[in-house]
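First the structure, in the form of structure tokens, and then the observations on it.
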Amino acid sequence: MDERTRLRLDVSYDGTDFSGWAAQPTRRTVAGVLMETLDLVLGAGTATGLTVAGRTDAGVHATGQVCHLDLPAEVWRQHDGRLLRRLARLLPPDVRVRAMTEVPADFDARFSATFRRYEYRVTDAPWGAEPLRRRDTLAWPKPLDLAALNAAAAGLVGEHDFAAYCRRKENATTLREVTRLDWRRDPDGILVATVQADAFCQNMVRSLVGAMLVAGDGRRPVEWPASLLTRRERSSEVTVAPAHGLALVEVGYPDDPAGYARRAELTRRLRVPVAEG
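Residue numbering for the sequence shown follows the numbering used here, starting at 302 and increasing by one per position.
Written out as structure tokens, the structure is:
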């Protein structure tokens with residue numbers, strides 16, 4: 302068997318015109334566009350095993366997405382140093398591969414990850430979102446109180462069963478550990494939620510944001526989002542926030558490459574991963 306080299310790809314994309322990450326035969330997806338372009342540059346089937354850290358939903362953006370793939374070692378030696386620029390010329394402008402790095406064979410973009418961090422942008426300005434930011438910023442129709450948003454967020458931090466906030470998948474756990482959840486108001490007035498966890502179940506981030514927003518505008522008490530954690534089924538009271546305000550901004554991995562395999566083994570034991578965002 303030919304020797305193969307594993308590569309880590311750091312990827313950014315504007316999710317507006319993509320039907321999410323995962324390849325679908327009749328839809329434009331990030332994985333589909335990326336593999337089509339790699340096949341064009343390297344030859345069909347040369348790159349194999351494309352695996353992503355977080356399978357973002359339709360309309361969700363990324364500035365810090367990570368994936369891995371394998372190439373024949375000889376192909377990588379031939380293209381190393383030139384492949385990034387060739388991809389930049391051929392990829393559409395709404396997706397960029399910012400780095401390609403050789404990594405150990407036991408690096409797994411999904412299972413070796415220690416955390417995923419998302420940000421959600423919201424404006425409560427009475428005129429709505431600035432035209433240049435309309436694709437990544439939600440316009441909220443009511444004034445939002447930063448202190449109330451952070452009070453609502455505080456009750457959701459920690460390890461909980463987030464069944465009320467997840468689209469349940471068969472044989473998949475909804476137990477997650479949220480290590481960071483807070484809001485800030487930037488100098489331009491935009492409110493930004495930062496959400497970090499070991500992993501997320503489907504629709505979890507946008508469901509959390511949706512619950513916090515109605516606490517932030519006063520329609521629900523700040524204790525309400527945390528009170529839903531006692532439920533074991535998805536709550537019909539929670540409105541999923543629109544996809545376009547959400548972006549995956551960072552995926553964390555062990556500092557020591559020797560920890561990639563250990564982390565992957567632990568993750569596989571803990572849960573069956575499902576789609577994120």
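Using N, Cα and C, we set each Cβ at its ideal position, and we do this for glycine too.
Remember, predicted model here, so these are calculated numbers, not experimental data.
DSSP places Gly-517 in the helix class (H, G or I) of the three-state scheme. When the five nearest sequence neighbours on each side are left out, the beta carbons in the same chain lying within less than 6 Å of the beta carbon of Leu-385 are those of Met-401, in order along the chain. In the DSSP assignment, Leu-391 falls within the alpha helix (DSSP H) that extends over 384-391. Here Asp-437 is buried. Its C-beta has 16 or more other C-beta atoms within 10 Å.
Counting the other CB atoms within 10 Å of its CB gives Gln-379 a total below 16, which places it among the exposed residues. In chain order, Leu-439 place their CB closer than 7 Å to the CB of Pro-543, counting only its own chain and leaving out the 5 sequence neighbours on each side. In this structure, the CA atom of Leu-529 is about 28 Å from the CA atom of Gly-321.
With fewer than three CB-CB distances shorter than 8 Å, the region 464-481 does not count as touching the region 403-410. In the DSSP assignment, Val-404 is bridged to Arg-307. For Ala-414 against Gly-517, the beta-carbon gap comes to about 29 Å, at or over 8 Å, which does not count as contact. Here DSSP, grouped into helix, strand and coil, assigns Gly-350 to strand.
The three-state reading of DSSP puts Thr-474 in coil, since its state is none of H, G, I, E or B. For the alpha helix (DSSP H) assignment, the uninterrupted runs of no fewer than 4 residues enclosed by the region 520-559 are, from N- to C-terminal side, 525-528.
Cα atoms of Asp-311 and Val-550: separation of roughly 11 Å, rounded to the nearest angstrom.
Between the region 417-428 and the region 312-332, the count of C-beta pairs closer than 8 Å stays below three; the two stretches do not touch. Classified as exposed, Gly-382 has fewer than 16 neighbouring CB atoms from the shown chains inside 10 Å of its CB. The C-beta distance from Leu-370 to Thr-357 rounds to 18 Å, too long to fall under 8 Å, and the pair is not in contact.
A check of alpha carbon separations from Leu-351 across Cys-368, Pro-526, Pro-442 and Ser-537 identifies Cys-368 as the nearest.
Put simply, of Asp-303, Arg-521, Arg-563 and Cys-502 the residue whose alpha carbon is nearest the alpha carbon of Trp-377 is Asp-303. Within 10 angstroms of the beta-carbon of Asp-318 lie fewer than 16 other beta-carbons, which makes it exposed. Rounded to the nearest angstrom, the Cβ distance from Arg-532 to Ala-465 is 4 Å, consistent with a contact under 8 Å. Gly-459 is bridged by DSSP to Val-479.
Within a 10 Å sphere around the beta-carbon of Trp-441 sit 16 or more other beta-carbons, which makes this residue buried.
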